[in-house]
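Residues 72 to 317 (the working numbering) make up the sequence shown, in order. Glycine included, every Cβ here is placed at the ideal spot set by N, Cα and C. Just so you know, these numbers come straight off a predicted model, no measurement behind them. Read through the structure below, which is laid out as structure tokens, and then see the notes.
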Amino acid sequence: DIVHDGFVYSQYNYHTVTGRPSNAARGFNFAAMNKEDGTRDAFCSRFSNGKLVEMDFDAYHVRLIARLIGYTFPDVSVHEYFGRFYFDTDTLTTEQYEQSKQITFRLLYGGIDSEFLKIPFFQQVNDFVYSLWAQWKSKGYIKTPVLKRKISKDAVKNMTANKLFNYYLQAVETEVSVAKLQQVQNALQTDQTRMILYTYDSVLFDVPDTEHDNVLIAVKQILEQGNFPVKVKLGDIYSKMKTVSL
72 DIVHDGFVYS
82 QYNYHTVTGR
92 PSNAARGFNF
102 AAMNKEDGTR
112 DAFCSRFSNG
122 KLVEMDFDAY
132 HVRLIARLIG
142 YTFPDVSVHE
152 YFGRFYFDTD
162 TLTTEQYEQS
172 KQITFRLLYG
182 GIDSEFLKIP
192 FFQQVNDFVY
202 SLWAQWKSKG
212 YIKTPVLKRK
222 ISKDAVKNMT
232 ANKLFNYYLQ
242 AVETEVSVAK
252 LQQVQNALQT
262 DQTRMILYTY
272 DSVLFDVPDT
282 EHDNVLIAVK
292 QILEQGNFPV
302 KVKLGDIYSK
312 MKTVSL
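Next up, the structure:
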């Protein structure tokens, strides 16, 4: 049973093709819990007067890619930055901001259309994608940048340049995130706050009211190292989280 003494247990598996961990138990996928069907209502703090706190990386994949290709963003929202190129305006509407996010993710995960190569970031990404592809074709594998783990032709079939880039990016995400999570675990050794769920670009914590400020500020600083800003949400149950500032 995944429920024991009021706690729900999951199982992370890091031995996947890309190295991006799965997180499931008895057919329940903790990495992709539905936000609309009431599933998240079941999760609350173990502490009296405690809260659940979610720290969500802002545009995580985009910033990871920028790190890989040596690209520096100005000190503005990444999606606002790209939206100015897409819509040729300095001020985005709310609708344009959301469209900007959709366009960026479509280009990064589905392939970059030639019309967007005039944007310096996407030209550099495109060059990087095909440099990885050239390595793959000549060597039969590529290595991840942090742990130097091989993604090889022996393990993956029907590869394409963009699919290879996505596998590489997921591996980078995991390697960077796990190093951050280890630092967080070390920092929490003498505290009651517990890290209870990792879902790729966000981390969920169970926090007693006595540790809300000082501990969470320290955790946020660790996660944000390397220019990876996080947004913070807080709530009594996992389905009802509201954005807060620390």
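Check	Outcome
Residue span of the beta strand (DSSP E) that contains S223, given as start and end	K221 to S223
Any 3 or more C-beta pairs closer than 8 Å across the segment 137 to 147 and the segment 117 to 128	no
Cβ contact (3+ pairs, closer than 8 Å) linking the segment 247 to 265 and the segment 293 to 301	yes
Reference P216; option with closest CA among N197, T245, G182 and K210	T245
Beta-carbon proximity list for F276, same chain, < 8 Å, skipping 5 on both sides	L123, V124, E125, M126, T264, R265, M266, I267, L287 and V290
When T143, S310 and H86 are compared against G297, the one with the closest alpha-carbon	T143
DSSP three-state assignment for N120, whether helix, strand or coil	coil
One or two residues paired with E244 in a DSSP bridge	DSSP output for E244 lists no bridge partner at all.
Residues of its chain near T175, where Cβ-Cβ distance is below 6 Å and the 5 sequence neighbours each way are ignored	F153
DSSP state of F78 mapped onto helix, strand, coil	strand
N- and C-terminal bounds of the alpha helix (DSSP H) containing D307	From DSSP, D307 is part of no alpha helix (DSSP H); its letter is neither H nor E.
Among H283, Y269, K304 and D129, nearest to S93 - alpha-carbon criterion	Y269
Counted within 10 angstroms of its Cβ, other Cβ atoms place Y131 as buried (16 or more) or exposed	buried
Beta-carbon gap between I308 and D112 smaller than 8 Å	yes
First and last residue of the uninterrupted beta strand (DSSP E) at V196	Segment P191 to K210 is the alpha helix (DSSP H) holding V196; no beta strand (DSSP E) there.
Distance CB(L203)-CB(L235) smaller than 8 Å	yes
Short Cβ contact (8 Å threshold) for I73 with R91	no
Sub-8 Å separation of Q82 and A103 beta-carbons	no
Close beta carbons around L218, own chain, < 7 Å, minus the five adjacent residues each side	E246
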